[in-house]
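Taking it in order: structure first as structure tokens, then the write-up.
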Amino acid sequence: MITARNLTKSYGTVTAVDGISFSVEKGEIFGFLGPNGAGKTTTMKIIQCVSPRSGGTLSVFDLDPDEHPAEIKRRIGVVPQETNLDPDFTCEGNLMTYARYFDIPVDSAKKRVDELLAFVQLEEKRNVAIEKLSGGMKRRLILARALINSPELLVLDEPTIGLDPQARHLVWERLKMLQAQGSTIVLTTHYLDEAARLCDRLVIMDNGKILEEGVPADMVRHHAGEEIVEVERSDEVLACLEEMGIRFEIAADTVLVSTSDAPALARTLLERCRPKKMLTRPATLEDVFLKLTGRGLRD
Ligand code: ATP
121 MITARNLTKS
131 YGTVTAVDGI
141 SFSVEKGEIF
151 GFLGPNGAGK
161 TTTMKIIQCV
171 SPRSGGTLSV
181 FDLDPDEHPA
191 EIKRRIGVVP
201 QETNLDPDFT
211 CEGNLMTYAR
221 YFDIPVDSAK
231 KRVDELLAFV
241 QLEEKRNVAI
251 EKLSGGMKRR
261 LILARALINS
271 PELLVLDEPT
281 IGLDPQARHL
291 VWERLKMLQA
301 QGSTIVLTTH
311 YLDEAARLCD
321 RLVIMDNGKI
331 LEEGVPADMV
341 RHHAGEEIVE
351 VERSDEVLAC
361 LEEMGIRFEI
371 AADTVLVSTS
381 DAPALARTLL
391 ERCRPKKMLT
401 RPATLEDVFL
411 KLTGRGLRD
């Protein structure tokens, strides 16, 4: 569906996207995970044909966005990062207005709007003004809006930004349903659990570059092992770990040690290093990011 080679975007002296290559296959959910300013939104805007690339090659549906923006736009659905619904219209009004941009005849548009309001569980809000919706309802309405033209490819920029856990779960469930119906989905996120749960494959981006690409669980296993033992950072603990030759990462006031046997390692650390606080947990994509950059995703 998408192939990018050496894709680059500069804004003056800022290189927002710095020579990235990736491809998205039909039917998959493909993610861009990275901290603020990594270049995720810029990449989405290039794919959506709203911001021309500065260099490299890109094809979407085998079409070059520089040459065929109208055709690509007709076949994609977009959820932007900002909640840009029209405050002058109701939920239904927003969707009907959008349908007009795609020249969908009024009768078909009405039917589609009914289906979509049901799909995002907003039927009861059909005639409600945008300002009276919760944040989660607005994001769901934007998702419905993105689906109005029955797109082959969905491009979602932080689809669940700012939502509470319940609202996020509903959006995730809907995205999985869309995938099951044959949609291809590209999304950006800085939520680790969203990336791990939703994405079949993802890239980790930082400073405009792709640091790693793969299946989330494989990436975690490869870079961070199975489990993590977290120990409160102190000079004594650091000296003890070094003396035992145990490799570790430091994240603020915590020392992280990856292992395939957390109980055994925890026992050893308790006996030998006597940390004040300790916990064990499964390894996550955050540990991968830390390993690759030496920083946390939200630093
Ligand atoms: P976030 O999660 O905060 O949205 P992001 O990964 O989507 O981050 P981008 O929005 O793509 O990151 O920004 C990448 C870099 O490009 C940043 O340094 C940003 O300041 C810069 N940038 C983005 N848009 C513009 C613009 N229109 N003009 C100048 N610089 C820009």
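For what it's worth, the numbering used here labels the leading residue of the sequence shown as 121, then goes sequentially. Glycine included, every Cβ here is placed at the ideal spot set by N, Cα and C.
- Within the same chain, G345, E346, E347 come within 8 Å of S380 by CB-CB distance, once the 5 residues on both sides are set aside.
- The DSSP assignment places 355 to 364, 382 to 393 as complete runs of the alpha helix (DSSP H) inside the region 341 to 396, in order along the chain (cut-off: 4 residues).
- With respect to V340, L358 sits apart: the two C-beta atoms are not nearer than 8 Å.
- Counting C-beta pairs with one atom in each stretch, the region 185 to 195 and the region 130 to 150 have fewer than three that are closer than 8 Å, which means they do not touch.
- S179 has T123 as its beta-bridge partners, per DSSP.
- A straight line joining the alpha-carbon of P271 with that of V226 spans about 18 Å.
- Only exposed fits K252, as fewer than 16 other CB atoms lie within 10 angstroms of its CB.
- Under the 10 Å beta carbon count, V335 is surrounded by fewer than 16 other beta carbons and is classified as exposed.
- Counting C-beta atoms within 10 angstroms of its own C-beta, D277 has 16 or more neighbours from the protein chains shown and is therefore classed as buried.
- Under the three-pair Cβ rule at 8 Å, the region 128 to 142 counts as touching the region 321 to 331.
- For the options Y311, S228, I268, E352, the alpha carbon positioned closest to that of P155 is the one of Y311.
- Counting only residues of its own chain and dropping the five nearest sequence neighbours on each side, C169 has a CB closer than 6 Å to the CB of P185, P189, I192, K193.
- Per the C-alpha coordinates, the member of I268, L183, V144, G139 positioned closest to T162 is G139.
- In this structure, the beta-carbon distance from E362 to P395 does not fall below 8 Å.
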